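Asker:
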Amino acid sequence: MKPIYIKITDSQIIYANSENAIDEKSFDLDSNIELKQNLQEFKDSLSNLPNVIVITNPSKFHLKKNAILFHEEVIDLGAELENTFHIPVINIEEIIDSNLLLAAEKETDYASWHLDYYGLAHEKRQYGQESMQTIGNGYFGLRGTYLETKANDDNYPATYIAGVFDQLSTPINGRDIINEDLVNLPNAQYITFSINNGQRFTINESDIKESNRSLDLKSGLLTIKLLVQLDDGKELRIVEKKVADMQNYHDYYLQYAIEPVNFNGKITIYTQIDGTVVNSNVERYRNLSNKHLVIDQINNIDETAILSAHTVQSDIKLAIKTDLNHPTIVNPKYSIHNKAEIAEQQLEFTASAGETYYFEKDVSTYTSLETKEDIVAVAKKHQFLPSFADAAKQAQEDWQKVWTQEDVIVTGDITAQKLLRLNSYSMTTAAQNNANKDLDASVGSRGLTGEGYRGHIFWDELFDMNFYVLHNPELVKSLLMYRYNRLHAAMDYAGADGYNGAMYPWQSGLYGDEQSQEVHLNPITNKWDPDNSRKQRHVSLAIAYNVLNYFHLSHDEKFMQQFGLEMLLDIAKFWIDMSKLDKDTGKYTIGNVMGPDEFHEGYPGVKESGLKNNAYTNIMVSWLFKKIGNFINTESSDVLDNNFRKTNFSDIDIQKLDDIRHNLKLDFQGNILGQFEGYFDLKRLDFDKYRQQYGNISRMDRILKAHEDSPDNYQVAKQADTLMALFNLTDQDFFDILADLGYPITNPEMFIDDNVKYYIERTTHGSTLSRIVYSMLLLKADDTKTAWKLFYEALTSDYYDIQGGTTAEGIHLGVMGATLNLVTSFFAGIDYRGEVLDINPNMPKQWDEIEFKMNFKGTKFNFRINSDGISIKANRDTEVIFIGKKLPLVANQEIQLTY
Ligand code: BGC
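Letter by letter, the sequence shown follows residues 221 to 1119 in the numbering used here.
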C-alpha cells in the first residue's frame, strides 16, 4: 500500500507518508478557489500518487465518518478526496489492528456500490440528487426524496409510470399551445409525524442535525437517515427506506423507523396518497397548465387505502393501493382523514425514549395501460409481500441477477466504478424486461426520473440500445415495438407534410405524433423563441439503426419478418420521397432538415427552410438503403412480398434505393466534409469573446439569440453532427458509404484526424451526448488525453450536474448508456458491429482492468482487459478478430493473450 495521511485545517492540508508524522509536509489552501479545485491542485503537487488516503481528523459526525467542519461548514471530505484521487479514503479510526489493506478494501467495495449524499442540499442541487437517487423498475420511477416532503423549492417528490402521458393546453401569446407531459402521479410515498399533537414534521434545515442519503446500487435500496433536533430540544433518529419490486413491477415498499431519543410522548404518523400533485419539476414550464389528474374515488378497507384517478385528456385510469404494517407499535389508534384529493391515514401511539418504532407502507399502482380488467378491483385483490424485509431481500436477489449480467467492472478508479454502476442502475430502472414485456413504452431521454423534455422519447434511444442489446436483447424488442406500434402515426405525420412512408416525430409520447415544442424559452432573455428542432428527421434513421442493430445481434427473424422490415421499408419510402434529383448533375438532395447539431435551424435569415444535404443524414440514408438492398437480395420472396405489400413498396422504389444511395450529395472543402451544403460559407465565431462575457458558452444558440444574432450565421455546433456517422458505423462501413456516394477517401486516417480537429474546434458541447461521441472520435484520432478528459466529463456529467441544473429535471439517460458503450466498445475495444467480434483495446492508462460480459449473436462472452493483456472466454466454439488476426475460441476455455 502507498498511503498518505492527511489532516485538513481551514488553511492547510498537512500530510505525511506514515502515521508517525516525522516527515510531515503542508500544502496551503487558496481561499479564493473552491475546495474541490484546491484538492485537485494538491493532487497535482504530489510527485508520488498514493493508493489510499487516511484522514487523521477525528470524525465528529454520526452519519458520516469523514465529514468535517471546514470554515464552519460541514463538508464530506472523504467524498471530496475520493472524487479527486479516485482511490479509497478512510478514517484513521477505521483501521482495526493496523490492517490498512483491509480497511482500504472495505471502502473500495462500499464506495463503488453506493451513491451517497451527506447533508441537505437546496433547490436545483437537491432536485438533481433526488433524480440520481430515483428507485424504479422500468414500470415506475420514484424520485429519491425524503418521505416527509411535498413539492417545494428544495424537494420534488414525484412518481412516473412509463407511458402515462397526458396533454393540456395553455394560451401563450394569443395561441393555445398543447403540451404532452409524462404525468407526475399521486404522491404515495408521503409519510411524516408529529409529537404530542404538535406540527407535522417537514424537512427543515434548522431541525436537522445530520442527514445521509445512501443509494445501494447493488440491492436497489435507498436509505435515508436523519438526526433530528427540534426547537424544544426533543431529539429523534429516523431511518427511511425505499425499495422497488423488480418482479411484481407494480409495487414498491417503504419503511419508516422512528426513535425518540430523549423524550416519551405521543407520536402521530401521517401517511398519504396525495392526489393534489401537479407537474412542476421544471421551472420554465411552471406557468403552463400542469394539473393532469382527476381524482375519482378514495376507498378504505381496514388499514388499506385505494385512490383511483384518471388523466384529463388521455383518460388513462390508475389505482394506487397502500397497505400499512406496524408490528412493533402496540395498540396504536388508527384513523382515516381523507380530503377531496388526498387519502390520509393517521396512527397514534405512545412512544418511549430509546425505542425504535417501525412503520411500513406497501404501495401498488395499476393503470389501464397495462391492466385490462377493472383496475380498482385488481388493486383490491393485490397481495403484497409480507414485510419490508422480504421485499428488500427479494430486490437484492433480483439485482444480483442484473449485476451478474451487466456489471462493467473497472479496477483502479473508485469514481469511475461507482458512476458506471450508477449508469447501469439507471439504465435498468428506466427499462427492464420484466416490466417492459407488458408495456407499450420506450425510454425517455430522462428515464423515469424527472420532467425535463416532458418525458419524451427522442433519438437518444440509439445511445441506450447499444447497452441494452448486449445484455438484454428481449428488452430491446419491447422498446422497438413501441416504435412499431406508432408506425401509422409516423405515416400520418409524413402524409401531413406531403410525403410517403414513415416520418417519426422528433419527440414522441403516448400516440407517436409530434410532441416537440413550437416555442422554446430562452432563459437569458426570458423570451419564447420559435423551436424548429422537429426538423431533425434523422430520428427515423436512428430507429432504423436500432432495428438493424437488434437484428444483427439477435437474429430475431420473426421480429424482422413481422415488424422490422416493414418499419425499414416505410422509413425508406419517406427518404426516397425526400430525395430530390437534380437531372443536370444526377445527384440527389435532401432538404428542409436539421442535423443532430440543433444550433443550425436553417440558412442565415431563412430559418424556416431547414438545411440541405446534412452530411449525417445523407450518409445514414445511404447506409440504410444499402442494408435494405442486402435484405432484398437475401430474404425469402414470401417475406419480401408480404412486406412489400404491407408498405406498397414497388419495383421503382427498389431501383430508387440503389440510385439514391449512390448519388446523395455531400459537400467537401479539401479533406473536410461539410456539415451541410453551404456550411463553408458561414462565418467563424469568436468563441473567446463570448467566453469572456458568459464563462459557460455551451448554449451558444441562446447567447447569440440574446444578441439579436443567430447560430445559423456561424460555424458553431452544439454537438457532433457530421462525424456522428463515424460513431454509428464502423470505419469500414463509413468509408464504403462515402465511396458509394462517389467521394472515395484515399487516406481515411488523415480524414478522421482532420475532420475531428476541424469540428471539435467549432463545437460547444451543449448536449451531454456530444462529449461521448467526441471522446470516441478522439480515440480514433489517437488523442487519448482529450478523449479521456471528455469521457470523464461525460461520466460525471449528472453527478456534478455540469449543465448547471438540468439534472434537477432528470438524469440524462443517453449519455449514461453511451458511456457504458464507450467503455466496452472503445476502451476495452470490443466492436460488435461486424459478423464476428473485432477486438482492438484502447485501455486507459488511468485504469488497471476492465471486466464485463456480453451476448453476441447468441454466444456469451466474458472479457478481462488490462494494459498489456486480455482474457476471453466464450460459452461455445467461436472465433473473434484480435488486432487484425482471426482467433479461434474453444467453448468455456479461457484464453489469455498479450498485446
Ligand atoms: C440534444 C438532443 C437530444 C435531446 C434529448 C438535446 O439537448 O441536443 O440530441 O436528443 O437533448 O436528450
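Idealized CB from N, CA, C, for every residue including glycine.
Model, not experiment: these values are computed from the prediction.
1. At which residues does the beta strand (DSSP E) containing G815 begin and terminate?
2. State the start and end residues of the unbroken alpha helix (DSSP H) segment that holds D973.
3. By the three-class DSSP mapping on this structure, what secondary structure does D751 have?
4. Does the structure place the region 1013–1022 close enough to the region 1058–1068 that three or more beta carbon pairs sit under 8 Å?
5. Compute the Euclidean distance between the alpha carbons of Y713 and S930, then round it to the nearest angstrom.
6. Does M711 come out as helix, strand or coil in the three-state DSSP assignment?
7. For Y978, which option in L998, L642 and L761 has the closest C-alpha, if you only look at C-alpha atoms?
8. May I have the straight-line CA-CA distance separating Q517 from L388, to the nearest angstrom?
9. Have a look at H927, G898, F896 and L902 and flag the residue whose alpha-carbon is nearest the alpha-carbon of Y910.
10. For S1169, collect the residues of the same chain with a Cβ closer than 8 Å to its Cβ; drop the 5 residues on either side in sequence, then sort them by chain order.
11. Across which residues does DSSP place S799 in a beta bridge pair?
12. Mind reading off the beta-carbon distance from M840 to H758? Whole number of angstroms is fine, and I expect it under 8 Å.
13. For K245, is the classification buried or exposed, using 16 other Cβ atoms within 10 angstroms of its Cβ as the cut-off for buried?
14. Got a sec, what are the start and stop residues for the beta strand (DSSP E) S857 sits in?
15. Can you check DSSP and say which residues form a bridge with F1076?
16. Within 7 Å: the Cβ of K462 and any heavy atom of ligand 1?
17. Tell me whether the beta-carbon of F608 lies closer than 8 Å to the beta-carbon of D471.
18. Just confirm the distance between the C-beta atoms of L699 and E681, as a whole number of angstroms; I'd bet it's less than 8 Å.
19. Does the beta-carbon of N766 have 16 or more other beta-carbons within 10 angstroms, so that it is buried, or is it exposed?
20. Does DSSP put H775 in a helix, in a strand, or in coil?
21. If K343 and T365 are in contact, beta carbons under 8 Å, what's the gap, nearest whole angstrom?
22. Return the Cβ separation of G825 and N812 in integer angstroms, given the expectation that the two are a contact with Cβ distance under 8 Å.
23. Under 7 Å: does the beta carbon of Q939 sit that close to some heavy atom of ligand 1?
24. In angstroms with no decimal places, state the Cα-to-Cα distance between E314 and T390.
25. Look at the Cβ atom of F1011, then the Cβ atom of D627, and state whether they are nearer than 8 Å.
26. Which one or two residues does DSSP pair with F888 in a beta bridge?
27. Specify the secondary structure class of P391 as computed by DSSP and reduced to three states.
28. Would the region 683–700 count as touching the region 644–657 if we require 3 or more Cβ pairs under 8 Å?
29. Are I275 and I226 close, meaning C-beta to C-beta below 8 Å?
30. Among P480, Q913, Q475 and D633, which has the Cα closest to the Cα of E580?
31. Given 7 Å as the limit, tell me if E821 has its C-beta closer than that to any heavy atom belonging to ligand 1.
32. Candidates N891, K256 and A959: which alpha carbon is nearest F971's?
33. Would a C-beta distance cut-off of 8 Å place A408 and I228 closer than the cut-off?
34. For V448, name the three-state secondary structure that DSSP assigns.
35. Am I right that N432 and L283 are in contact with their C-beta atoms under 8 Å? What's the rounded C-beta distance?
36. With respect to 7 Å, is the separation between the Cβ of S665 and the closest non-hydrogen atom of ligand 1 below this value?
Answerer: Based on what the coordinates show:
1. For the purposes of this step, residue 815 is taken as residue 595 along the sequence shown, with counting starting at 1. Taken as a continuous stretch (DSSP letters only), G815 belongs to no beta strand (DSSP E), as it is neither H nor E.
2. Position 753 of the sequence shown, counted from the first residue, corresponds to residue 973. Element bounds for D973: P968 to I980.
3. On the sequence shown, position 531 is the one that residue 751 refers to. Of the three classes helix, strand and coil, the one that applies to D751 here is coil, per DSSP.
4. No, because fewer than three Cβ pairs between the region 1058–1068 and the region 1013–1022 fall closer than 8 Å, the two stretches do not touch.
5. As a working note, residue 713 is residue 493 in the sequence shown. As a working note, residue 930 is residue 710 in the sequence shown. Y713 and S930: Cα-Cα distance of roughly 29 Å.
6. Residue 711 sits at position 491 when you count from the first residue of the sequence shown. Secondary structure of M711 (DSSP, three-state): helix.
7. For the purposes of this step, residue 978 is taken as the residue at position 758 of the sequence shown. Selected option, being the one with the closest Cα: L998.
8. As a position in the sequence shown, residue 517 is number 297, starting the count at 1. As a position in the sequence shown, residue 388 is number 168, starting the count at 1. Spanning the two alpha carbons is a distance of roughly 22 Å.
9. Here residue 910 refers to the residue found at position 690 of the sequence shown. The alpha carbon of Y910 has as its nearest neighbour, out of H927, G898, F896 and L902, the alpha carbon of H927.
10. Only positions 221 to 1119 of the chain appear in this structure, which leaves residue 1169 out of reach.
11. If you number the sequence shown from 1, residue 799 lands on position 579. The partner list for S799 (beta bridge, DSSP) reads I810.
12. One-based indexing of the sequence shown puts residue 840 at position 620. One-based indexing of the sequence shown puts residue 758 at position 538. The C-beta distance from M840 to H758 rounds to 7 Å, short enough to fall under 8 Å.
13. For the purposes of this step, residue 245 is taken as residue 25 along the sequence shown, with counting starting at 1. K245 is classed as exposed because its beta carbon has fewer than 16 other beta carbons within 10 Å across all chains shown.
14. For this step, residue 857 is matched to residue 637 along the sequence shown. Here S857 belongs to no beta strand (DSSP E); instead the alpha helix (DSSP H) covers S857 to T867.
15. For the purposes of this step, residue 1076 is identified with residue 856 of the sequence shown, where counting begins at 1. DSSP output for F1076 lists T1079 as bridge partner(s).
16. For the purposes of this step, residue 462 is taken as residue 242 along the sequence shown, with counting starting at 1. At a cut-off of 7 Å, the beta-carbon of K462 does not count as near ligand 1: no heavy atom of the ligand is closer than that.
17. Residue 608 sits at position 388 when you count from the first residue of the sequence shown. Residue 471 sits at position 251 when you count from the first residue of the sequence shown. No, they are not a contact pair.
18. Here residue 699 refers to the residue found at position 479 when the sequence shown is read from its first residue. Here residue 681 refers to the residue found at position 461 when the sequence shown is read from its first residue. About 7 Å separates the two Cβ atoms, so the contact holds.
19. Position 546 of the sequence shown, counted from the first residue, corresponds to residue 766. Looking at its Cβ environment, which holds 16 or more other Cβ atoms inside 10 Å, N766 is buried.
20. Against the sequence shown, residue 775 aligns to sequence position 555. When DSSP states are grouped into helix, strand and coil, H775 belongs to the coil group.
21. Numbered from its first residue, the sequence shown carries residue 343 at position 123. Numbered from its first residue, the sequence shown carries residue 365 at position 145. The sequence shown places Glu at residue 343, rather than the Lys named in the question. In this structure E343 is not in contact with T365, their Cβ atoms being roughly 14 Å apart against a cut-off of 8 Å.
22. Residue 825 sits at position 605 when you count from the first residue of the sequence shown. Residue 812 sits at position 592 when you count from the first residue of the sequence shown. That pair is no contact at about 16 Å.
23. Your numbering for residue 939 matches position 719 in the sequence shown. Q939 Cβ: within cutoff of ligand 1.
24. Walking along the sequence shown from the start, residue 314 turns up at place 94. Walking along the sequence shown from the start, residue 390 turns up at place 170. Roughly 58 Å separates the two Cα atoms.
25. Residue numbering aside, residue 1011 sits at position 791 when the sequence shown is read from its first letter. Residue numbering aside, residue 627 sits at position 407 when the sequence shown is read from its first letter. The beta carbons of F1011 and D627 sit no closer together than 8 Å.
26. As a working mapping, residue 888 is identified with position 668 in the sequence shown. DSSP, once it has assigned bridges, lists L893 as partnering F888.
27. On the sequence shown, residue 391 is found 171 positions in, with the first residue counted as 1. Annotated three-state conformation of P391 is strand, per DSSP.
28. With a cut-off of 8 Å, the region 644–657 and the region 683–700 count as touching, because enough Cβ pairs lie within range.
29. By one-based count along the sequence shown, residue 275 stands at place 55. By one-based count along the sequence shown, residue 226 stands at place 6. Judged by their CB atoms, I275 and I226 are nearer to each other than the 8 Å cut-off.
30. Here residue 580 is taken as the residue at index 360 of the sequence shown, counted from 1. Per the Cα distances, Q475.
31. On the sequence shown, position 601 is the one that residue 821 refers to. Not under cutoff, so the answer is no.
32. Counting from one through the sequence shown, the residue named residue 971 turns up at place 751. The option with the nearest alpha carbon to F971 is N891.
33. For the purposes of this step, residue 408 is taken as residue 188 along the sequence shown, with counting starting at 1. For the purposes of this step, residue 228 is taken as residue 8 along the sequence shown, with counting starting at 1. In this structure, I228 does not lie closer than 8 Å to A408 by Cβ.
34. Within the sequence shown, numbered from 1, the residue matching residue 448 stands at position 228. In this structure, V448 counts as strand in the three-state DSSP scheme.
35. Residue numbering aside, residue 432 sits at position 212 when the sequence shown is read from its first letter. Residue numbering aside, residue 283 sits at position 63 when the sequence shown is read from its first letter. The C-beta separation of N432 from L283 comes to about 4 Å, placing the pair in contact by the 8 Å criterion.
36. By one-based count along the sequence shown, residue 665 stands at place 445. S665 has its CB nearer than 7 Å to a heavy atom of ligand 1.
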